[in-house]
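Trainee: All the letters of the sequence shown, read from the start, carry residue numbers 1 to 244 under UniProt numbering. We put the CB at the ideal spot given by N, CA and C, even for glycine.
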Amino acid sequence: MMKVERLTLSVEGNTKEVLHGITTQFKQGEMIGLVGPSGGGKSTLLRCLALRDPWTGGDYSWDGKKVISGGGKGSQKYRSKCAYLEQNPSLNPEKTALKNVLIGQVGQTSWIRRMTGMVRSDDYMGAMDELEKFGLLDKAHVKAGKLSGGERQRVAICRALVHGADFIAADEPVIGLDPKSAENVLGTLQDLCKNKGKTVIAALPIELAERYCTRIWGLADGKIELDVTGRRLTESEKRSIDLI
1 MMKVERLTLS VEGNTKEVLH GITTQFKQGE MIGLVGPSGG GKSTLLRCLA
51 LRDPWTGGDY SWDGKKVISG GGKGSQKYRS KCAYLEQNPS LNPEKTALKN
101 VLIGQVGQTS WIRRMTGMVR SDDYMGAMDE LEKFGLLDKA HVKAGKLSGG
151 ERQRVAICRA LVHGADFIAA DEPVIGLDPK SAENVLGTLQ DLCKNKGKTV
201 IAALPIELAE RYCTRIWGLA DGKIELDVTG RRLTESEKRS IDLI
């Protein structure tokens, strides 16, 4: 169980508050769709939950253990358990899908491996296994710059899993993708929750959140105004988060 209490984030020298005392909790195996108007704080909330940005105030605990107390960014121990998927995955376009999975993100791989590209055989097999699970085995030796948008997102997911992520925060992971690619990416995330016990929170268009997610958060003006099980939202619920 992950518990958030009074999460606050201020910017511009602490003069502008963009997240306002958010309190919520979520558990292993949930796939939460984050919906709301542009500028409502979705990306900011995801970055905070994934421990990519420091909190101005609030407490964050995982299974009863404090990750953040009174603000801050959390320890490397917990950051390594989180993955943040951007709209455009930060893959090296000149390296193959396999290399991108193996090398991973800065801070999750030793400096000598980042400098030399050396990998252990068990790392290699683990990466190939993940690529195969996500239908990317035939793309393992293709440069990331040659992959489609959906393939790049799935490579980024593989990388997160190989490096031990239990929680994935995805910031509009299907924006700009064709319907089939979007379906593949969301199906992959859904499978991770159902069958691997991972936790996913993804900023999504409302119709996709309704279709794929077990729970929906509606964020507006830096506050969670709606928290319901995954289903079709009513007109009044959409109005409550400024979506109509």
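Curious, which full-length alpha helix (DSSP H) runs of at least 4 residues does the stretch 40-88 contain?
Mentor: Here the runs fully enclosed are 42-49 and 76-79.
Trainee: Provide the residue span of the beta strand (DSSP E) that contains G33, from first to last.
Mentor: M31 to V35 is the span of the beta strand (DSSP E), which, as asked, contains G33.
Trainee: Check each candidate in R52, I224 and N88 and name the one with the smallest Cα separation from K81.
Mentor: Comparing Cα positions, the closest option is R52.
Trainee: Report yes if the C-beta distance between V155 and V101 is below 8 Å; otherwise report no.
Mentor: Result yes, Cβ atoms of V155 and V101 sit closer than 8 Å.
Trainee: Helix, strand or coil for R239? Go by DSSP, reduced to three states.
Mentor: It is helical.
Trainee: Can you tell me which of the three DSSP states D171 falls into?
Mentor: The answer is strand: DSSP assigns D171 an E or B state.
Trainee: For I244, report the span of its alpha helix (DSSP H) as first-last.
Mentor: Per DSSP, I244 belongs to no alpha helix (DSSP H) and is neither H nor E.
Trainee: A165 and L189 look like a contact to me (Cβ under 8 Å); what is the Cβ gap, rounded to whole Å?
Mentor: Contact flag wrong, Cβ pair sits at about 12 Å.
Trainee: Within 10 angstroms of its Cβ, does Y124 collect 16 or more other Cβ (buried), or is it exposed?
Mentor: So Y124 counts as exposed.
Trainee: Nearest to L177 by CA position, among G149, C193, A202 and N14, is which residue?
Mentor: With distances taken between Cα atoms, L177 lies closest to G149.
Trainee: Can you check DSSP and say which residues form a bridge with R215?
Mentor: According to DSSP, R215 bridges with I32 and T229.
Trainee: Please state the DSSP three-state secondary structure of L177.
Mentor: In this structure, L177 counts as coil in the three-state DSSP scheme.
Trainee: Span of the alpha helix (DSSP H) holding E151?
Mentor: Per DSSP, E151 belongs to the alpha helix (DSSP H) from G149 to V162.
Trainee: Please list, in chain order, all residues of the same chain as A83 whose beta carbon is under 6 Å from its beta carbon, the five residues on each side excluded.
Mentor: Closer than 6 Å at Cβ, skipping near neighbours: A160, A165 and I168.
Trainee: Could you say if the stretch 30-37 and the stretch 213-225 meet the contact criterion of at least three C-beta pairs nearer than 8 Å?
Mentor: Verdict: yes, contact present.
Trainee: Taking the C-alpha atoms as reference points, what is the distance between R232 and L186?
Mentor: Going by the C-alpha atoms only, they are around 17 Å apart.
Trainee: Would you kindly report the start and end of the unbroken alpha helix (DSSP H) that includes L102?
Mentor: A97 to I103 is the extent of the alpha helix (DSSP H) around L102.
Trainee: Are the CB atoms of I68 and K223 nearer to each other than 8 Å?
Mentor: Taking 8 Å as the Cβ cut-off, I68 and K223 do not qualify as a contacting pair.
Trainee: Where does A144 fall in DSSP's three states?
Mentor: The answer is helix: DSSP assigns A144 an H, G or I state.
Trainee: So what's M128 in DSSP terms, helix, strand or just coil?
Mentor: Reduced to three states, the DSSP call for M128 is helix.
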